[in-house]
Amino acid sequence: MRFLYLVFSLILCCQVSCSETSKEIKIGFVEGLSGPFANIGEVALRHLELEVEAVNRRGSLPDGMRITVLPFDNKTNPQEALLAFRSALDVGVDYVFQGNSSSVATALTDAIAKHNRRNPSHPVLFINYAALDPALTNEHCKRSHFRFDADVDMKMAALTEYIAVREDIESVYLINQDYSYGQAVAGAARSMLKRKRPDLSIVGDDLHPIGRVKDFSPYIAKIKSSGAQAIVTGNWGSDLTLLIKSARQMGVDVDFFTFNVGMTGGVSTIGEAGIERVHQITNWHANINELTRNNATLYRNQHPDVFEDAYYGSVRRAVRMLEKAMIESGSADPVSVGSALRNMSLTDDTGLVSMRGDNHQLLQPLFVSKLVRVSPENGLIGVENSGLGFKTVAEIPAEKTRMPTTCQFE
Amino acid sequence: MREMFNTGRLLLWGGVALLFLFLPLIFSGGFSLSMLSQMGIMIIFALSYNMLLGQTGLLSFGHAVYFGLGAFVTAHAINFVEAGAFGLPISFMPLVGGMTGLFFSLILGFVTTRRPGTPFAMISLGIAEMVAASALMFTTFFGGEGGIVTNRTAGGASWGVSYGPQIQVYFLIAVWCFVSMALMFAITRTPLGRIANAVRDNPERAQFIGYNPTRVRWLMMSLAGFFAGIAGALATINYEIITAEALGLMASGNVVLMAFIGGIGQFWGPMIGAVLVTWLQSALSNFTQAWLLYFGLLFLLIILFSPGGISNLITIHLPAWRAGVVKRLMPSYGFAFLSGGIAFIGVVGVIELLYRGALFGGVHVGLTWIASTLMVFIGGFFLRRAARAVRKVWEDLSPELARWS
Amino acid sequence: MLSSGLTLIFSMMGVLNFAHASFYMLGAYFAYQTGLVFGFWPALFLAPILVGIVGAITERYGLRKVHKFGHVAELLFTFGLAYVIEEIVHLIWGRAPVDYRIPESLNFTLFTLFNTQYPAYRAFMMLVSVGMLAALFLVLTKTRIGMIVQASLTHPDMVQALGHNVPRVFMLVFAGGCALAGLAGVLGGNLFITEPGMAFAVGSIVFVVVVLGGMGSLVGAFIASLLIGAIQTFSVALDLSFLDLVAAFGVNIDPGSTWYGGLSITISQMAPVLPYLLMVLMLIVRPRGLMGTRES
């Protein structure tokens with residue numbers, strides 16, 4: 012596939028100079044496609060291609076325009092991301108999609124803003140579908156950046172709403188990755204829990220180096236001796252899977268509240284031991300309603316032999332809103348599309364979502380769900396062929412997730 | 002010193018300067034300019050590393066520490082300039098990086114250069130890991146996972162140069178690269194450079210003629226750190242961001258690969274290595290997902306068959322060139338290239354197919370598979386024949402070449 | 002186990018094998034693959050043998066060629082090999098972790114200590130590693146092959162003159178070291194995640210252990226690995242920082258001050274740095290390590 016894209020872009024390079032007047036709208040997917048987080052990048056790319064294909068099929072864009080997706084590997088490294096961005100610019104990309112790793116997102120949003128300032132004739136929009144550091148829509152906010160997933164503060168607010176009504180939980184242990192995202196999770200958890208459940212005690216707060224800890228048993232031992240009844244973690248990837256594995260092996264039988272367990276293999280690793288125990292806070296999962304179930308099944312039918320069959324709601328929303336913005340503004344020029352995107356709303360499979368105009372953060376309903384067994388009887392569908400899936404235990408309406416912002420667009 | 006300024010050398014250096022000047026006219030795209038800039042930075046870095054490895058015989062796995070520290074301090078310095086704390090034109094920022102590299106390599110070098118060889122390699126590894134690990138702890142200085150962001154246009158424009166456009170940054174890097182190259186070359190011609198070679202070859206003998214090997218190593222290390230710091234500063238200016246990865250093991254390993262692939266026996270060897278490896282890492286990864294595999298295989302091949310690197314491959318042909326017998330080598334070389342080329346295409350095919358299969362589940366057996374494996378075998382078979390032919394030609398030629406080498 | 006394999010290779014052949022952790026990773030992947038077909042117990046024996054074969058091939062066609070170019074070239078060869086092995090793993094098994102599980106027969110709790118359950122699998126691992134080391138020790142000191150190996154270390158020419166095939170002995174030793182690494186992989190792969198990044202994660206620590214224990218000493222490697230393991234585990238548990246130390250003297254530092262960032266680092270946050278710090282100190286002070294017999 013990549014070869015085709017390369018050939019395609021080379022041909023385009025020869026024919027067309029960087030401009031928005033062509034009939035092709037180019038989305039640059041600048042993401043980690045090699046290295047430790049390659050599989051998550053591939054999942055997002057697949058979803059992006061699927062959604063773009065659907066848009067092209069609908070033929071809804073003005074002037075018969077079509078969208079092309081060009082992948083650029085950023086090796087989940089801020090520096091490489093900048094190089095990738097420059098090669099994307101070379102082939103005339105107008106929209107950059109990225110989400111894995113807030114450090115990359117911060118570097119990119121800065122670079123894109125600088126580029127827009129220095130090259131006003133070739134504006135670029137940054138579509139952030141997964142980087143959750145709150146700073147990106149607060150002190151680091153940029154006019155060219157739009158975020159389509161709820162940030163750490165929003166998700167934690169939603170999650171703590173649910174934890175607050177769980178009378179059986181009296182003590183909580185926090186464990187997170189030691190970088191901006193993990194620190195944000197820990198900080199938000201602390202302040203919000205204190206406010207909503209002053210009687211709840213936070214018996215531990217650990218930050219571990221990201222991606223380096225292979226043996227979580229010392230941490231689990233600490234958790235055990237603290238007597239915590241619940242663990243709150245923003246960990247993702249192998250950091251999350253190893254943590255839960257360790258906990259299960261050492262017989263720690265507490266509730267887990269996570270941000271990401273449904274993605275890329277987490278459920279299979281945890282298995283039956285996680286039933287009724289493992290929770291996640293997300294903007295989408297397969298069993299929210301009939302529409303989401305259909306979408307999940309559709310995706311699975313398109314890619315039957317892919318292991319990670321979780322669905323990337325934020326990518327879908329981003330593409331659909333871009334489409335709507337282009338139709339509304341009647342062009343594919345990033346500046347007009349950007350203006351149309353602000354304050355725009357869309358009805359998607361989970362309800363009404365809307366883009367804030369003051370900091371370019373999407374407001375959408377959030378769902379706390381827990382791991383359960385799935386079967387044709389209970390009508391739920393599972394992930395990764397594991398016989399396990401998610402069931403909503405709390406829905407937090409979009410408006411309740413609105414957070415105050417310090418964003419000042421320059 | 003007289004021989005330093007002979008006409009041939011002046012022409013060569015002049016040619017290099019002209020090349021730097023006119024390259025951007027040929028490669029003018031944004032990505033190409035970025036890649037050229039990256040190459041310039043890596044040339045300085047690899048050359049500084051060769052001061053350690055090729056000239057003093059110190060195999061270090063932690064050279065990126067000085068690069069990285071230079072980069073971070075420069076980033077903070079630029080941020081200070083932006084905040085108005087003091088004024089230093091961006092053009093002179095690489096000096097800041099260089100002084101940082103010098104400072105740290107003086108300190109760290111003092112304790113580490115006591116023992117050469119494997120203990121030194123291990124210590125450098127340990128220090129690299131230590132600094133990389135602590136980079137995530139001292140977040141005010143290192144910026145944590147997100148790194149430190151700077152603005153290279155800080156301090157405003159001087160003489161119309163703001164360093165906003167990439168081409169201006171390219172020329173800054175080109176100038177510093179040329180100056181650093183010249184300086185490092187000059188060092189090889191000084192008594193220090195010569196004694197460093199002596200220490201590399203036979204430390205005991207160097208001791209007998211009155212030089213302290215540890216002192217010599219320490220000095221070379223400090224100088225190498227200085228130039229590595231310059232490279233780091235230029236990287237900060239180029240990318241406007243610096244993260245802890247820049248001082249990690251991967252970066253250190255990278256420069257080892259660069260120097261080695263290019264060839265540590267010649268001064269200009271690491272330059273070739275830097276250019277080639279930068280190209281592989283940036284451009285190749287857009288073509289194929291297997292770029293790291295090709296990279297590793299290339300490295301292995303070089304070590305197995307030409308540990309002197311690419312520069313060695315070039316220099317062993319010099320006597321043949323001088324003797325005028327290059328034509329005699331052509332047929333067997335042609336044969337070798339042809340069969341090698343076929344085998345190479347076959348290997349590439351197999352690897353690419355496997356990659357597609359591995360990542361998307363299920364391997365589709367088809368025409369491409371059969372064609373690729375066939376090419377591997379056929380090419381490999383003929384390559385062995387070709388290798389024998391090449392060897393024979395060289396053997397036949399050696400009495401003639403003996404006069405010219 | 003990993004470090005004993007590395008020490009073995011190093012003391013016998015003077016080659017510091019960067020790819021050692023890669024053989025560990027291969028062991029885990031081979032065990033996973035053969036386990037799918039044969040089950041865990043046969044895989045426990047098959048996988049290390051397979052890794053040993055790969056090691057033998059590497060030695061015969063790779064290291065031996067490079068040996069004549071010197072120690073630096075050998076080091077760099079193994080360095081490049083590490084890259085290539087990792088990429089080949091990507092090629093064959095993909096980038097995502099593979100589902101290599103602990104066998105059901107070993108998946109229970111052995112006993113409960115201080116309210117924490119001790120999994121039987123970890124006890125099994127301990128048993129195997131100690132057993133392996135004991136067997137290694139016995140082979141090296143009590144059997145004929147072991148004596149030849151030891152002799153080849155110090156007097157290779159003499160041993161060759163006596164009619165033994167010394168290059169073959171070296172190949173055997175290298176293969177043996179790699180097989181040990183592979184065995185470690187078989188055991189560790191299902192406890193920790195089996196993924197392509199595992200070699201990189203483990204690699205540096207193994208060197209630390211070897212350096213600390215002393216290059217050339219198996220017992221030293223054993224002691225050092227216990228030491229490093231203890232440090233890594235206990236440092237996580239210790240939430241003390243310099244702030245606490247200073248507070249003990251009655252000095253309270255304001256969170257806003259510049260020193261706060263540095264002093265508030267707890268020992269548990271410093272945990273990853275400690276082994277390397279030890280290694281560097283050891284190399285500076287006593288390059289032979291705790292019980293080593295050679296410096297380089």
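Chains as they are written, first to last, in this note's numbering: chain A, 12 to 421; chain G, 2 to 406; chain W, 2 to 297. We put the beta carbon where it would ideally sit given N, CA and C, even for glycine.
What does residue i touch in chain G if you count any residue whose Cβ is under 7 Å from its own?
i: V73 of chain W; result: L60
i: V210 of chain W; result: Ordered by position in chain G, no residue passes the 7 Å Cβ test against V210 of chain W, which lies about 12 Å from the chain.
Name the DSSP bridge partner or partners of residue i?
i: L218 of chain A; result: A:N187
i: T293 of chain A; result: A:F378
i: D266 of chain A; result: A:A241
i: H318 of chain G; result: In DSSP, H318 of chain G forms no bridge with anything.
i: M366 of chain A; result: A:L373
i: Q109 of chain A; result: A:N139
Does the beta carbon of residue i come closer than 8 Å to any beta carbon on chain A?
i: I42 of chain G; result: no
i: G69 of chain G; result: no
i: S35 of chain G; result: yes
i: S283 of chain G; result: yes
Is residue i helix, strand or coil by DSSP?
i: D359 of chain A; result: strand
i: P82 of chain A; result: strand
i: G1 of chain G; result: Outside the modelled stretch of chain G, which goes from 2 to 406, sits residue 1 of chain G, for which no answer is possible.
i: K411 of chain A; result: helix
i: Q90 of chain A; result: helix
i: V150 of chain G; result: strand
i: I265 of chain G; result: coil
i: S205 of chain W; result: helix
i: R158 of chain A; result: strand
Counting only Cβ pairs nearer than 7 Å, list the residues of chain A close to residue i.
i: F32 of chain G; result: R97, S98 and D101
i: L137 of chain G; result: D189 and P220
i: G165 of chain G; result: R129
Please compile the residues from chain G whose C-beta is within a distance smaller than 9 Å of the C-beta of residue i.
i: A118 of chain A; result: G147, G148, V150, Y240, E241, I242 and T244
Would residue i count as contacting chain G if we go by Cβ distances under 8 Å?
i: S297 of chain W; result: With a pLDDT of only 43 at S297 of chain W, under the threshold of 50, the placement of this residue in the model should not be trusted; the figure read from the coordinates follows. So yes, S297 of chain W belongs to the interface.
i: K66 of chain W; result: yes
i: R129 of chain A; result: yes
i: D210 of chain A; result: no
i: S279 of chain A; result: no
i: S114 of chain A; result: yes
i: L94 of chain A; result: yes
Would residue i count as contacting chain W if we go by Cβ distances under 8 Å?
i: M123 of chain G; result: yes
i: T79 of chain A; result: no
i: T191 of chain G; result: no
i: P120 of chain G; result: yes
i: A86 of chain G; result: no
Please list the partners that residue i has in chain G, where partner means a Cβ-to-Cβ separation under 8 Å.
i: N88 of chain A; result: T244 and E246
i: S205 of chain W; result: L126, E130 and L250
i: D121 of chain A; result: V150, E241 and I242
Handout entry: Segment contact, 8 Å Cβ cut-off, at least three pairs: the stretch 53 to 63 of chain G with the stretch 248 to 263 of chain G
Key = yes
Exercise for the section: Report yes or no: do the stretch 137 to 154 of chain W and the stretch 22 to 38 of chain W share at least 3 C-beta pairs separated by less than 8 Å? Expected result: no
Handout entry: the stretch 93 to 109 of chain G / the stretch 228 to 240 of chain G touching (three or more Cβ pairs under 8 Å)
Key = yes
Practice task
Mind the definition here: the stretch 209 to 219 of chain A touches the stretch 234 to 254 of chain A only if three or more C-beta pairs lie below 8 Å; say whether that holds.
Solution key: yes
Handout entry: Three-pair Cβ contact test at 8 Å for the stretch 132 to 152 of chain G versus the stretch 108 to 115 of chain A
Key = yes
Exercise for the section: Give a yes or no on contact between the stretch 237 to 253 of chain G and the stretch 53 to 72 of chain G, applying the rule of three or more CB pairs nearer than 8 Å. Expected result: Yes, they touch.
Handout entry: Inter-stretch contact at 8 Å, needing at least 3 Cβ pairs: the stretch 207 to 219 of chain G / the stretch 37 to 44 of chain G
Key = no
Exercise for the section: Evaluate the contact criterion for the stretch 187 to 205 of chain A versus the stretch 116 to 132 of chain G: three or more CB pairs, one atom per stretch, below 8 Å. Expected result: no
Exercise for the section: Examine the Cβ distances between the stretch 243 to 251 of chain A and the stretch 145 to 154 of chain A and report whether three or more of them are shorter than 8 Å. Expected result: no
Handout entry: Segment contact, 8 Å Cβ cut-off, at least three pairs: the stretch 287 to 304 of chain A with the stretch 156 to 171 of chain A
Key = yes
Exercise for the section: Report yes or no: do three or more beta-carbon pairs, one from the stretch 247 to 257 of chain G and one from the stretch 159 to 166 of chain G, lie closer than 8 Å? Expected result: no
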